[in-house]
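> Have a look at this one before I ask anything.
Numbering (the UniProt record's numbering), first residue to last: 1 to 245.
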């Protein structure tokens, strides 16, 4: 997620107000070491779905986790999210995802994430019939700036290279579920049967043209009489990605 820690607030982009800044961040490696406890770094990283190299970079203070990664570390280690962030202690447990809502961090909202990878045929995205597997934190100010209602948003993950360089494998996608009437040039998640895929949309005289940003993939034209077979799940409104190991 782009809600990353920023060690220096000076000169930051004013459109990046969803960046999470906190004074206690420089001692995060110490708290992470305590959160990991007696298990190996490799085992802990695997439980969190992170590479060992990434966790070692956190421990060495070379990089800091984005809030979605931090929330996952909190859930796996059963350590309070606020404590991991700042070292502050509050008497609550994060053993259940719903407990995240009790964290006294009113400037943040938690968006549900579903263990779905789009464009790989891993089933339908229907939050009414699914339980979130994790919650990712976003600044409320950023949602307001974008005009988003948190109830309209869901998190999924990308799979494959068909949308590179815009979307890479395992990128985090924020999907606006209420935007299901496609507009030219925007990226949407489409459903056909049990298959979910992410494509850029273009209207061609009544035909839907679904475009892969990666030029090695062919365009897919959906004539009007076949469009009823496709659902527009929502618009991809934010993409977050890891850089490096």
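In this text, a Cβ means the ideal position worked out from N, Cα and C, and glycines have one as well. Because the structure is a prediction, the values reported are computed rather than measured.
1) Secondary structure at residue 123, three-state DSSP: helix, strand or coil?
2) Do you know how far the Cα of residue 175 is from the Cα of residue 238?
3) So if DSSP puts residue 190 in a beta bridge, which residue, or which two residues, is it bridged to?
4) Please list, in chain order, all residues of the same chain as residue 140 whose beta carbon is under 7 Å from its beta carbon, the five residues on each side excluded.
5) Does residue 225 come out as helix, strand or coil in the three-state DSSP assignment?
6) Give me the Cβ distance between residue 224 and residue 211, rounded to the nearest whole Å; I'm assuming they're in contact under 8 Å.
7) Identify which residue in 164, 142 and 63 has its Cα closest to the Cα of residue 216.
8) Less than 8 Å between the beta carbons of residue 189 and residue 234, yes or no?
9) Are residue 29 and residue 49 closer than 8 Å when you measure CB to CB?
10) Is residue 172 closer than 8 Å to residue 157 when the C-beta atoms are compared?
11) Tell me the DSSP secondary structure of residue 112 in three-state form.
12) Would you check if the distance between the CB atom of residue 187 and the CB atom of residue 155 is smaller than 8 Å?
13) How would you write the range of the beta strand (DSSP E) that residue 158 sits in, first residue to last?
14) Which residue from 85, 177 and 199 puts its Cα closest to that of residue 151?
15) Helix, strand or coil: how does DSSP classify residue 36 here?
Working from what's here:
1) Here residue 123 refers to the residue found at position 123 when the chain shown is read from its first residue. Confidence in residue 123 is poor, its pLDDT being 41 and thus under 50, which makes the residue's placement unreliable; the coordinate value appears in the next sentence. It is coil, neither helix nor strand.
2) Numbered from its first residue, the chain shown carries residue 238 at position 238. Numbered from its first residue, the chain shown carries residue 175 at position 175. If you take the alpha carbons of residue 238 and residue 175, they lie about 7 Å apart.
3) Position 190 of the chain shown, counting from 1, holds the residue named residue 190. Looking at the DSSP assignment, residue 190 forms a beta bridge with 197 and 232.
4) In the chain shown, the residue the question calls residue 140 occupies position 140. Around residue 140: 107, 108 and 109.
5) To locate residue 225, count along the chain shown from 1; it is residue 225. Residue 225: helix per DSSP, three-state reduction.
6) What you label residue 224 is simply residue 224 of the chain shown in a count that begins at 1. What you label residue 211 is simply residue 211 of the chain shown in a count that begins at 1. Not quite, the Cβ-Cβ distance comes to about 18 Å (not below 8 Å), so this is no contact.
7) Here residue 216 is taken as the residue at index 216 of the chain shown, counted from 1. Answer by Cα proximity: 164.
8) What you label residue 189 is simply residue 189 of the chain shown in a count that begins at 1. What you label residue 234 is simply residue 234 of the chain shown in a count that begins at 1. In this structure, residue 234 lies closer than 8 Å to residue 189 by Cβ.
9) Here residue 29 corresponds to residue number 29 of the chain shown, with the count starting at 1. Here residue 49 corresponds to residue number 49 of the chain shown, with the count starting at 1. No, Cβ-Cβ distance for residue 29 and residue 49 is not below 8 Å.
10) Against the chain shown, residue 157 aligns to sequence position 157. Against the chain shown, residue 172 aligns to sequence position 172. Cβ atoms of residue 157 and residue 172: closer than 8 Å.
11) The residue labelled residue 112 in the question sits at position 112 within the chain shown. Reduced to three states, the DSSP call for residue 112 is strand.
12) By 1-based counting over the chain shown, the position of residue 187 is 187. By 1-based counting over the chain shown, the position of residue 155 is 155. No. Outside cutoff.
13) Within the chain shown, the letter at position 158 stands for residue 158. From DSSP, the beta strand (DSSP E) with residue 158 extends over 153-158.
14) Here the question's residue 151 lines up with position 151 in the chain shown. Nearest of 85, 177 and 199 to residue 151, Cα basis: 177.
15) Walking along the chain shown from the start, residue 36 turns up at place 36. It is helical.
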